[in-house]
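Residue numbers (the numbering used here): 15 to 295. Scroll down for the structure; my scribbles are underneath it.
As structure tokens, then:
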């Protein structure tokens, strides 16, 4: 919460705002799906978070994070592209990111990952500058990092897996778990009476979650880890999930009840920066 306190000091004391409110992006992503309870799985640029949310309140004790994001997939594709390419534009991060967003996909199973089939990928793609690039299995193998994070050298050794408690990363010496394992662990960390509700409301969000086949593969893997769940695992993946946090924020701010959530200047002046900890979830 230290960062939130410091931000409050700047906003109230330097910018003289009359009220502030801090929201957690995984919670906002859940709101975008019309839910206030579920497991929010946010795949961001540099990190991924799995956060159970019950009636709009984050359950930090069962929240987990993976030090892996969309940028890692982009770099993986660039590093494992087999061809010798002369076009300098292809060496830029933007070009590789574009190719990832357009062609990368998630293998439907571990068996498919083990094979060499490129699943119908085009053999070449023409970049805006007219240069051509050949595409191959690197477009499917990058997404497998979410299920096998230790494939990435920097995650092969601890400490790189961490829990999240009160928005502070608490690193452990645990070998990084796959995204499906973190989701199952997160559900198991919660009250048993909520397991069915959480398992049937796993919500994907973030730009990196737009990979083809990711929702179905994730659903299958979570279910295989928790076959005894009273409800089948269900992954919800809205077509606009790349902007889910923004949409959820707009929904929250438009509610009439949101006016009661503001942390006002008078509260800040009375009890200090701890007001933003008490007033926000």
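A virtual CB, placed ideally from N, CA and C, is assigned to each residue, including glycine.
Assuming residue 201 and residue 53 make a contact with CB atoms under 8 Å, what is their CB distance in whole Å? 7 Å
Please name the residue, chosen from 19, 44 and 276, that lies closest to residue 252 on a Cα-to-Cα basis. 44
Return the residue from the list 68, 50 and 76 that minimises the CA-CA distance to residue 197. 76
Just the Cα atoms here: how many angstroms apart are residue 154 and residue 120? 6 Å
For residue 119, which beta-bridge partners are listed by DSSP? 226
Using DSSP bridges, identify the partner residues of residue 57. 62
Name the two residues that bound the continuous beta strand (DSSP E) containing residue 24. Unbroken run through residue 24: none, as it is neither H nor E.
When the Cα atoms are used, what is the spatial distance from residue 29 to residue 38? 22 Å
Classify residue 17 as buried or exposed, calling it buried when 16 or more other Cβ atoms lie within 10 Å of its own Cβ. exposed
CB-CB length for residue 215 against residue 49, believed under 8 Å: 6 Å
Going by alpha carbons, who is nearest to residue 106 out of 139, 116, 210 and 92? 92
Going by CA-CA distance only, name the one from 79, 65 and 80 that's closest to residue 73. 65
First and last residue of the beta strand (DSSP E) that includes residue 79? 78-80
In terms of residues, what are the limits of the alpha helix (DSSP H) holding residue 94? 84-94
Assign residue 138 to one of three DSSP states: helix, strand, or coil. strand
Going by the CB atoms, is the gap between residue 213 and residue 245 shorter than 8 Å? yes
For the alpha helix (DSSP H) containing residue 148, name the first residue and the last one. Run containing residue 148: none in the alpha helix (DSSP H); it sits in the beta strand (DSSP E), 146-148.
Identified DSSP bridge partners for residue 290: Per DSSP, none; premise fails for residue 290.
To which residues of the same chain is residue 263 closer than 6 Å at the C-beta, ignoring the five residues directly before and after it? 42
May I have the straight-line CA-CA distance separating residue 313 from residue 239, to the nearest angstrom? Nothing in the structure corresponds to residue 313, since the chain is present only between 15 and 295.
Measuring straight from C-alpha to C-alpha, what distance separates residue 254 and residue 122? 22 Å
Assuming residue 218 is part of the beta strand (DSSP E), what are its boundary residues? 216-219
In the DSSP output, which residue or residues are listed as bridge partners for residue 72? 67
Opposing strand residues paired with residue 278 [DSSP bridges]: 33
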